[in-house]
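So for the sequence shown, UniProt numbering puts the first residue at 1; every next one is plus one.
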Amino acid sequence: MLRRIARRVQGAEHGDPLDAAQERRVRAVLALGGVPQADLLDGVQQVRLRLLERAAKGHEAPRDVSAWAAVVASNLAMDWHRAKRRQERLGERLASLRQHESPSGEDTSVLSLAVAEGLDDLPDAQRQVVVLRFFADLPVRSIAQELGVPEGTVKSRLHTAVRALRARLHEDEVV
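Have a look at this one:
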């Protein structure tokens with residue numbers, strides 16, 4: 001089925017929506033965008049996948065597949081950098097937590113245990129948005145897209161979950 005969709009997208013007899021020249025251009029855009037050599041193949045596959053998804057949704061094929069693929073590759077390079085920065089910030093935050101621990105490690109470990117127990121008590125939908133927002137450091141828009149729900153729903157779930165966690169921590173007198 002994917003081959004049929006790919007043929008419809010490209011209008012070519014072979015099943016690949018990107019020809020060799022287009023693939024080289026995508027690799028070049030990704031490389032110029034700072035994506036490491038080891039991740040270039042994944043980037044090319046992402047461009048192919050997006051082209052196939054576009055066709056599967058019934059959208060018309062882009063007039064210039066090569067230009068469209070270059071724009072998508074550029075966006076993927078920016079996404080790669082954002083994800084890298086997000087991981088770095090998360091690492092910094094975890095490192096700063098370790099530095100703030102008392103020599104015995106009690107203050108932070110008691111708080112961590114209380115937060116973990118509080119998370120366990122949350123409904124799945126609320127726990128999911130809390131983890132994605134505060135542990136994975138994703139913005140509300142990305143969480144909404146990932147879960148397929150409106151941004152307002154994500155905000156509402158976050159608000160309710162944080163309020164419940166805060167109440168739980170005050171009950172346990174951890175904070």
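Using N, Cα and C, we set each Cβ at its ideal position, and we do this for glycine too.
Which of helix, strand or coil does DSSP assign to residue 136?
Mapped onto the sequence shown, residue 136 falls at position 136. Coil at residue 136, not helix or strand.
I'd like to confirm something about residue 36: is its beta-carbon nearer than 6 Å to some heavy atom of the ligand MG, or not?
Only the bare structure without any ligand can be found here, which leaves the ligand MG out of the picture.
For residue 78, which residues from the same chain have a beta carbon less than 8 Å from its beta carbon, with the 5 sequence-adjacent residues on both sides left out?
Start at 1 with the first residue of the sequence shown, and residue 78 comes out as number 78. Around residue 78: 33.
Cβ shell of residue 140 (< 8 Å), same chain only, five flanking positions each side left out:
Taking the first residue of the sequence shown as position 1, residue 140 is located at position 140. So the list reads 133, 151, 154, 155, 158, once near-sequence residues are dropped.
Are the beta-carbon atoms belonging to residue 137 and residue 76 less than 7 Å from one another?
Your numbering for residue 137 matches position 137 in the sequence shown. Your numbering for residue 76 matches position 76 in the sequence shown. The beta carbons of residue 137 and residue 76 sit no closer together than 7 Å.
Looking only at its own chain, which residues have a Cβ that is under 6 Å from the Cβ of residue 127, when we skip the five neighbours before and after it?
Walking along the sequence shown from the start, residue 127 turns up at place 127. Take residue 127, set aside five residues on each side of it, and the residues of its chain with a beta-carbon closer than 6 Å to its own are 119, in chain order.
Measuring CA to CA, which of 60, 147, 29 is closest to residue 129?
On the sequence shown, residue 129 is found 129 positions in, with the first residue counted as 1. Checked all of 60, 147, 29; the closest Cα to residue 129 is 147.
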